[in-house]
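See below for the structure under consideration.
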Amino acid sequence: MIKGTIRSLFARAGYDIRLLPRPENVGLTHPDIEPAFAEDYTRCAPYTMTSVERMYALWQATRRVCADGTPGDIVECGVWRGGSSMLAASTLLASGDTERRLWLYDTFEGMTEPTGRDIGIGGLRVADEWDRIVSGDDPILCVASLEDVQANMASTGFPADRLQYVQGPVEQTIPDQVPDAIALLRLDTDWYESTRHELEHLWDRLSPGGVLIIDDYGHWEGAREAVDEFFAGRLDAPLLVRIDYTGRIGIKR
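For this note's numbering, count along the sequence shown from 1 and bump the result up by 342.
This is the structure in C-alpha cells:
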C-alpha cells in the first residue's frame, strides 16, 4: 500500500520507479507447497497485494479451523478487492464447510485518514503526505468498490447468503455489526486507530483455537503499537509468529 507514495516521492527528485514483471508462479514451486494452494492462489492473486507467504498462512489457517471444527465465522477487516477473502471462501468450499459466514469489513471507498502514529517502514510519515495522496489516484488509497468485491467473491462459487459485507470505517460499524463467534480473524487496515479498535471489539469473540492474522505488524508502526499495547499484560496474549517481513499469525489459547 506504500508503493504509490514512494514512487511519487522519488518522482519529485527526477526518478521513475517501475515495477518489474514478477516471475509467474513465484514462490509456488517449492516442494512443500501443495498444488491445491498454488491453484487457488493463482486465481486470487490479481485481487490482492498480499504476499504468497501470507496467503499461504491464510490458506493453512482456514483449513485448520475447518479440520478442528473451531466455532465461528471468518472475519477480514480491510479487504481491498477481496483476494484474501476469495482464498478463504475457496478453502471453505474445498473443505465442505459452507455454514460459516464470511464477514468483509471495508469502506469500499479507500483508506481512512492516518494519524501521526502511522509510520511506514523506512520512517515514512504517511499523514504528512495525505493531502496530496487523496487529491490524486495514489495506490495507497486502495480503492475498490463494493460491487467489484462482490463480483470477485461471486466468482468463487461460495454461497452468496453466507457473505456479509459491512461498509464503512470499522470504528463506525464495529461492534454494531459483528458475528457472535469468530474462528479466523484477519486484520489488514494498516493504521493504529482501526487496528486497536478491531482488537478491542473482536478479540474476545475469537474462539479458543481460533487464528489471528495481522497483515501489517512489520510494515506499519501504528499497527504494531496497536497490537503490542492491546496484548500487553493479557493472560490470553498469543504467540505471534512471523510469516514474512510484515505478517504475523497466532492461535488463541
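Backbone N, C-alpha and C fix where the C-beta goes; we use that ideal spot for every residue, glycine too.
Cβ-Cβ distance between residue i and residue j below 9 Å
{"i": "Cys419", "j": "Ser536", "result": "yes"}
{"i": "Arg405", "j": "Ser437", "result": "yes"}
{"i": "Phe572", "j": "Arg538", "result": "yes"}
{"i": "Val512", "j": "Tyr559", "result": "no"}
{"i": "Gly592", "j": "Asp522", "result": "no"}
{"i": "Leu505", "j": "Arg443", "result": "yes"}
{"i": "Val407", "j": "Gly551", "result": "yes"}
{"i": "Ser434", "j": "Phe500", "result": "It is Leu, not Ser, that sits at residue 434 in the sequence shown. Contact flag set, yes."}
{"i": "Met397", "j": "Met495", "result": "no"}
{"i": "Ile556", "j": "Val569", "result": "yes"}
{"i": "Phe450", "j": "Gln509", "result": "yes"}
{"i": "Thr392", "j": "Asp530", "result": "yes"}
{"i": "Thr498", "j": "Ser426", "result": "no"}
As assigned by DSSP and simplified to three states, the class of residue i
{"i": "Pro580", "result": "coil"}
{"i": "Ala493", "result": "helix"}
{"i": "Leu446", "result": "strand"}
{"i": "Thr588", "result": "coil"}
{"i": "Pro363", "result": "Only weak support is given to the placement of Pro363: the predicted model assigns it a pLDDT of 44, under 50, and the value that follows is read from those uncertain coordinates. In this structure, Pro363 counts as coil in the three-state DSSP scheme."}
{"i": "Gly552", "result": "strand"}
Proximity winner among the options, relative to residue i (alpha-carbon distances)
{"i": "Glu441", "options": "Leu577, Tyr534, Ala525", "result": "Ala525"}
{"i": "Val421", "options": "Glu455, His372, Ala469, Val491", "result": "Val491"}
{"i": "Arg576", "options": "Asp522, Ile591, Leu541", "result": "Leu541"}
{"i": "Gly472", "options": "Ile591, Pro550, Glu455", "result": "Here residue 472 is Trp; the residue named in the question, Gly, does not match the sequence. Looking at the Cα atoms, Glu455 is the closest of the given residues."}
{"i": "Ala469", "options": "Pro373, Gly462, Gly458", "result": "Gly458"}
{"i": "Asp439", "options": "Ile555, Asp530, Ile416, Gly464", "result": "Ile416"}
{"i": "Lys594", "options": "Leu581, Leu429, Asp586, Met495", "result": "Leu581"}
{"i": "Asp460", "options": "Glu567, His543, Glu376", "result": "Glu567"}
{"i": "Val583", "options": "Leu544, Ser426, Ala403, Arg467", "result": "Ala403"}
{"i": "Trp545", "options": "Thr515, Ile375, Ala430, Ala579", "result": "Ala579"}
Local Cβ density within 10 Å of residue i, reported as buried at 16 or more and exposed below that
{"i": "Asp382", "result": "buried"}
{"i": "Gly589", "result": "buried"}
{"i": "Val553", "result": "buried"}
{"i": "Tyr534", "result": "buried"}
{"i": "Tyr389", "result": "buried"}
{"i": "Ala399", "result": "buried"}
{"i": "Thr384", "result": "exposed"}
Supposed close pair residue i, residue j - CB separation, criterion 8 Å
{"i": "Trp562", "j": "Gly462", "result": "6 Å"}
{"i": "Gly369", "j": "Val394", "result": "4 Å"}
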